[in-house]
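Colleague: Okay, here's the structure, questions in a sec.
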Amino acid sequence: MRREIMQAFGRGASKRQLCQWLKLPRSSGYYKPGEGKRGVKPSTHTLTHEGQLVPNEQVINTLISEVFSQEFNLYGYQLCTEELRAMGFIINAKKTYRLMRENGLLLRQVKRNPSPRQWVKWRKIKDAQPLDYLCMDIKYVYIHGAQRNAYLLAIIDVATRYVVGWSLLYSIKHTDVILCLHGVMQGFRAKHVMLRTDNGSQFIAQGLRNFCLRNGITQEFTHVATPQENSYVESLFSILEREVIQRYEFESLYHARDVFERYFNWHNHKKRRHVLGKISPADYWHTAFPCHPVKPPKAVSGEFVKGDDTSEKSNNLSSLVLPLTNSERRLSLLNRMTRDLS
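What follows is the structure, encoded as structure tokens:
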């Protein structure tokens with residue numbers, strides 16, 4: 002702005018006077034911008050540890066013949082810089098990037114366009130109706146017969162503490178989460194659901210977010226390292242740890258599924274919860290929300306008897322739905338032999 006004033010009134014006063022009036026240094030009145038790009042011109046040669054200056058074309062030729070000629074090499078500019086330094090060139094990553102860009106040697110950039118996340122605003126959810134708010138999370142379950150962990154995915158309704166969906170697998174991907182959530186939406190005819198999860202890779206996957214958008218589900222994410230914002234499902238996992246996981250030794254994944262199927266049926270229809278007025282989630286659903294259009298499914302008959310004898314750790318797996326695999330059968334036999342010897 003001040004230079005424009007000096008140019009406009011340059012004929013009526015000297016540059017010295019104009020600089021004094023505008024409080025500018027006198028050098029500003031004589032400044033003339035140069036042509037071309039600003040800054041130092043890029044170097045055309047590269048120095049080596051032996052003190053030689055080699056042209057940049059030789060650096061590129063060395064890079065192609067010595068680095069990119071390797072069968073499985075797919076380096077970016079940073080690792081190429083380390084290779085050139087190991088060959089005796091004194092070069093930094095910025096120069097390597099410029100040379101590779103000018104010669105078309107850069108890798109294709111992975112463009113990520115993550116959609117913005119909706120974060121949890123209120124830790125405690127109040128005045129929720131059934132199927133308005135769902136919470137979802139994943140917990141480790143150790144399978145003793147297979148000597149490995151499985152993953153338990155659970156979806157709980159906040160208003161009634163009713164476990165509306167669950168899945169137990171050795172590996173859970175976002176597609177498995179979609180299948181479980183799809184079963185909940187279809188089985189309960191839920192609409193306009195608010196889903197609260199943490200920031201696990203399965204929950205932030207673009208495929209799950211697209212599914213939620215198509216089915217009227219609004220996702221909200223807990224803040225990082227803040228599990229108390231998802232306390233509803235964390236409380237369920239604490240109960241599971243105390244009442245099931247610490248009391249049972251699962252011989253196989255199918256054994257664990259059978260136990261959890263019986264437990265969740267008992268939890269939803271028989272277990273008394275203090276937070277619900279010491280009644281079960283299904284009874285609370287009926288009494289607290291008698292006019293709600295969706296009712297919980299009826300209990301599975303014959304599921305409230307005691308399952309495996311945890312005191313004697315019985316190996317009677319007559320309730321299994323699917324047979325054991327060969328590896329699980331061998332591990333089960335080995336565990337029984339170890340217990341007999343001890």
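Under my numbering, the sequence shown is numbered contiguously, ending at residue 343. Built from N, CA and C at the ideal position, the CB exists for glycine as well.
For Tyr255 and Pro298, I'd like the C-alpha separation in whole angstroms.
Modeller: As a position in the sequence shown, residue 255 is number 254, starting the count at 1. As a position in the sequence shown, residue 298 is number 297, starting the count at 1. Their Cα atoms are separated by approximately 24 angstroms.
Colleague: Name the DSSP beta bridge partners of Ala129, please?
Modeller: Working through the sequence shown from its first residue, we reach residue 129 at position 128. DSSP, once it has assigned bridges, lists no residue as partnering Ala129.
Colleague: What do you reckon, are the CB atoms on Cys136 and Val234 nearer than 8 angstroms?
Modeller: Stepping through the sequence shown from its first residue, residue 136 is reached at position 135. Stepping through the sequence shown from its first residue, residue 234 is reached at position 233. Yes; because the gap between Cβ atoms is below 8 angstroms, this pair is in contact.
Colleague: Just to confirm, are Trp267 and Tyr163 a CB contact at a threshold of 8 angstroms?
Modeller: Taking the first residue of the sequence shown as 1, we reach residue 267 at position 266. Taking the first residue of the sequence shown as 1, we reach residue 163 at position 162. No, these two residues do not count as a Cβ contact at 8 angstroms.
Colleague: Can you tell me the Cα-Cα spacing of Val185 and Ala257, whole angstroms?
Modeller: Looking up residue 185 in the sequence shown gives position 184. Looking up residue 257 in the sequence shown gives position 256. Near 21 angstroms, if we compare the C-alpha coordinates of Ala257 and Val185.
Colleague: Could you give the residue range of the beta strand (DSSP E) that holds Tyr134?
Modeller: By one-based count along the sequence shown, residue 134 stands at place 133. Element bounds for Tyr134: 134 to 144.
Colleague: Buried or exposed: where does Ser202 fall if 16 or more other Cβ atoms within 10 Å of its Cβ makes it buried?
Modeller: The sequence position of residue 202 within the sequence shown is 201, counting from 1. Classification for Ser202: exposed.
Colleague: With distances taken between CB atoms, is the gap from Phe222 to Trp120 smaller than 8 angstroms?
Modeller: Counted from its first residue, the sequence shown places residue 222 at position 221. Counted from its first residue, the sequence shown places residue 120 at position 119. In this structure, Trp120 lies closer than 8 angstroms to Phe222 by Cβ.
Colleague: When DSSP builds the beta bridges, which residues end up paired with Pro56?
Modeller: On the sequence shown, position 55 is the one that residue 56 refers to. Paired residues: His46.
Colleague: Taking DSSP as the reference, what is the three-state secondary structure of Gln119?
Modeller: Position 118 of the sequence shown, counted from the first residue, corresponds to residue 119. Reduced to three states, the DSSP call for Gln119 is coil.
Colleague: Report the residue ranges of all alpha helix (DSSP H) runs contained in full by the region 256 to 310; include only those spanning at least 4 residues, in chain order.
Modeller: Qualifying alpha helix (DSSP H) stretches, in chain order: 282 to 289.
Colleague: Terminal residues of the continuous alpha helix (DSSP H) containing Glu84?
Modeller: Along the sequence shown, read from residue 1 onward, the residue named residue 84 stands at position 83. Segment 78 to 87, the alpha helix (DSSP H) holding Glu84.
Colleague: Which residue's Cα is closest to the Cα of His145: Ala155, Arg248, Lys33?
Modeller: For this step, residue 145 is matched to residue 144 along the sequence shown. When each option's Cα is compared against that of His145, the closest is Arg248.
Colleague: Given a cut-off of 8 angstroms, decide if Thr82 and Thr97 are closer than it, judged by their beta-carbon atoms.
Modeller: Within the sequence shown, residue 97 is the residue found at index 96, counting from 1. Within the sequence shown, residue 82 is the residue found at index 81, counting from 1. In this structure, Thr82 lies closer than 8 angstroms to Thr97 by Cβ.
Colleague: Could you tell me the distance, in whole angstroms, from the CA atom of His175 to the CA atom of Ile65?
Modeller: For the purposes of this step, residue 175 is identified with residue 174 of the sequence shown, where counting begins at 1. For the purposes of this step, residue 65 is identified with residue 64 of the sequence shown, where counting begins at 1. Spanning the two alpha carbons is a distance of roughly 40 angstroms.
Colleague: Mapping DSSP to helix, strand and coil, what is Glu221?
Modeller: Here residue 221 refers to the residue found at position 220 when the sequence shown is read from its first residue. In the structure shown, Glu221 sits in a strand (DSSP, three-state: E or B).
Colleague: Leaving aside the five residues before and after Lys279 along the sequence, list all residues of the same chain whose C-beta is less than 7 angstroms from its C-beta, in chain order.
Modeller: As a working note, residue 279 is residue 278 in the sequence shown. Closer than 7 angstroms at the Cβ level, and outside the excluded window around Lys279, lie Arg273.
Colleague: Quick check: the region 27 to 39 against the region 69 to 77, are there 3 or more CB pairs under 8 angstroms?
Modeller: As far as the Cβ criterion goes, the region 27 to 39 does not touch the region 69 to 77, which means the pair count is below three.
Colleague: Return the bridge partner residues of Ile91 from the DSSP annotation.
Modeller: Taking the sequence shown and counting its residues from 1, one reaches residue 91 at position 90. Beta-bridge pairing links Ile91 to Leu48.
Colleague: Which residue marks the beginning of the beta strand (DSSP E) containing Leu196, and which one marks its end?
Modeller: The residue you call residue 196 lines up with position 195 of the sequence shown. That run of the beta strand (DSSP E) goes 194 to 198.
Colleague: Taking the continuous beta strand (DSSP E) assigned at Val164, which residues delimit it?
Modeller: What you label residue 164 is simply residue 163 of the sequence shown in a count that begins at 1. Taken as a continuous stretch (DSSP letters only), the beta strand (DSSP E) holding Val164 covers 164 to 170.
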